[in-house]
Amino acid sequence: MAEAGSQYATIPGALLADERVSVGAKTLFALLDLFVGDHDGAWPAQASLGKLLGLSERQIRRWLGELEAAGWVKRRQRGLTLTNVYQLEYLNLPALHVSGS
5 MAEAGSQYAT IPGALLADER VSVGAKTLFA LLDLFVGDHD GAWPAQASLG KLLGLSERQI
65 RRWLGELEAA GWVKRRQRGL TLTNVYQLEY LNLPALHVSG S
């Protein structure tokens, strides 16, 4: 997890190797990691995420769906007028073994 106020984000190696998840969704995971900081989750608006990445809310929803389907993000609704909370799943991940060439 990125440190609060950090300008660096974490993308687990296993996520980088996960062929079920597009490169764009992996980028979104990293952006969510910046929002998480030292909290249990992140709650940015999808419109804010889209603006930061220069994309539509619809594309953000697609990528969130990819991350959820693959088990990398859990989404919890807080209410009709509040943003969702996104919890990034770092625990119990398979190890990524990269062999040298």
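Heads up: the sequence shown runs through residues 5 to 105, numbered per my numbering.
Every residue gets a Cβ at the ideal spot worked out from N, C-alpha and C, and that includes glycine.
As assigned by DSSP and simplified to three states, the class of residue i
i          : result
residue 7  : Bear in mind that the predicted position of residue 7 carries a pLDDT of just 47, short of 50, making it unreliable; the figure below should be weighed with that in mind. The answer is coil: DSSP assigns residue 7 none of H, G, I, E or B.
residue 70 : helix
residue 62 : helix
residue 84 : coil
residue 26 : coil
residue 14 : coil
residue 54 : helix
Test item: CB-CB of residue i and residue j under 8 angstroms
i           : j          : result
residue 77  : residue 33 : yes
residue 106 : residue 22 : Since the first and last residues shown for the chain are 5 and 105, residue 106 lies out of range.
residue 46  : residue 36 : yes
residue 50  : residue 65 : yes
residue 48  : residue 87 : yes
Counterpart residues of residue i in DSSP-defined beta bridges
i          : result
residue 90 : 46, 79
C-beta neighbour in chain B for residue i, strict 8 angstroms
i          : result
residue 30 : The structure shown has no chain B; it contains just one protein chain.
TODO: Decide yes or no for the touch test of the stretch 23-40 against the stretch 66-73: beta carbon pairs closer than 8 angstroms, at least 3 of them.
DONE: The stretch 23-40 is in contact with the stretch 66-73.
*asked:* Counting beta carbon pairs with one atom in the stretch 11-23 and one in the stretch 50-65, are three or more of them shorter than 8 angstroms?
replied: Cβ pair count under 8 angstroms is below three, so no.
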